[in-house]
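Here is the structure we will look at.
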Amino acid sequence: MDSIQGKLDAIAGRDMPCPCCGNRLQVGAAGCACGARFVGLPLDDAPIKVKRFGPTMISTLLLVAVTSAIFVFTKWFALLSILVLWTSWRAMQLARRNPEWYGGYKTATTTFTLTLVASVGGAAYGITRIPQALDNYKLRQVMATRAEMYHFVNSTLAEYKRTHEGSYPKDAQEIKIALGESIPADYWDNRMKYSARTEGIADSEPLSMRRYGIPNTNFELRSAGPDGIDGTDDDIIMRDGLFYTAAEIKKLSEVSGAQGR
């Protein structure tokens with residue numbers, strides 16, 4: 005009652021138009037001659053403040069959208085967590101500096117904290133996976149080169165063998181002359197090397213190292229591997245349709261030399 009009376013005292017002596025007929029009336033009058041009755045005090049000039057929750061809601065919705073995209077599409081959407089962190093941080097600052105105009109401080113803080121913890125955890129997990137990812141990438145390169153070797157053997161060399169009474173060409177130049185095709189390049193765009201082999205590998209191999217595959221043993225196809233240098237441990241070697249490491253080839257040569265003596 006005291007507050008209402010205080011308002012009446014503050015506006016005493018002022019007049020206002022009747023909202024029905026427009027006649028001027030003393031503020032505080034019970035009614036107008038037109039029959040209109042007043043049910044409350046007139047509003048003062050103080051602005052009505054309505055808290056805004058837009059920035060907080062945007063950050064929260066972004067968190068939900070990014071999380072859904074990560075599980076539904078790809079983990080690369082996790083990079084958008086930077087946007088979630090920025091929007092939630094902005095919502096926190098607005099709510100803290102202007103609490104009368106902006107709300108949702110606790111919600112924005114929760115969104116920021118969850119996103120930060122998830123981002124740090126995801127980054128730590130990603131760092132631990134880097135070595136395996138690099139190994140997988142190198143393995144894909146090797147397998148792509150092996151696939152190219154298989155394709156060359158089963159198409160070009162097989163065609164040459166079919167038309168030359170079961171024999172393989174002696175060198176790359178003979179393949180070029182006979183079929184008009186060149187030796188393919190490996191994954192690293194280095195030209196592979198082809199050489200004919202007339203000795204029987206299967207007879208000179210120890211039983212523990214013997215392979216089974218294309219029965220003819222008279223060609224070698226070699227890629228210099230990732231380093232592009234022939235004769236190193238990362239060379240990719242196919243002999244007679246079977247793959248060998250550089251160490252195995254070296255051991256085979258040693259065994260063959262010992263048997264020859």
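Each residue of the sequence shown is one higher than the one before, starting from 5 at the first, in the working numbering. The C-beta atom is built at its ideal place from N, Cα and C for all residues, glycine as well.
Cα atoms of Pro173 and Glu185: separation of roughly 12 Å, rounded to the nearest angstrom.
In the three-state DSSP reduction, Glu252 falls in the helix class (H, G or I).
When DSSP states are grouped into helix, strand and coil, Phe156 belongs to the helix group. In the same chain as Thr64, and ignoring 5 residues on each side of it, the C-beta atoms closer than 6 Å to its own belong to Thr115, in chain order. With respect to Pro188, Glu224 sits apart: the two C-beta atoms are not nearer than 8 Å.
Taking 8 Å as the cut-off, the Cβ atoms of Asp238 and Ser199 do not count as close. Bridge pairing for Phe223: Ala200 [DSSP].
Counting every other CB atom within 10 Å of its CB across the protein chains shown gives Met96 a total of 16 or more, marking it as buried.
In the DSSP assignment, Leu29 falls outside any alpha helix (DSSP H) and lies within the beta strand (DSSP E) extending over Arg28 to Gln30.
Put simply, the backbone Cα of Cys38 is about 57 Å away from that of Trp93. Segment contact: the stretch 26-35 against the stretch 77-88, fewer than three CB-CB distances shorter than 8 Å; contact not assigned. Per the DSSP secondary-structure output, Gly126 pairs with nothing in a beta bridge. Using a Cβ distance threshold of 8 Å, Phe57 and Gly108 count as a contacting pair. Within the model, the alpha-carbon separation for Gly130 versus Ala122 is close to 12 Å. Asp244 and Thr160 have their alpha carbons spaced roughly 14 Å apart. Distance between Thr167 and Leu256, taken at the CA atoms: about 31 Å.
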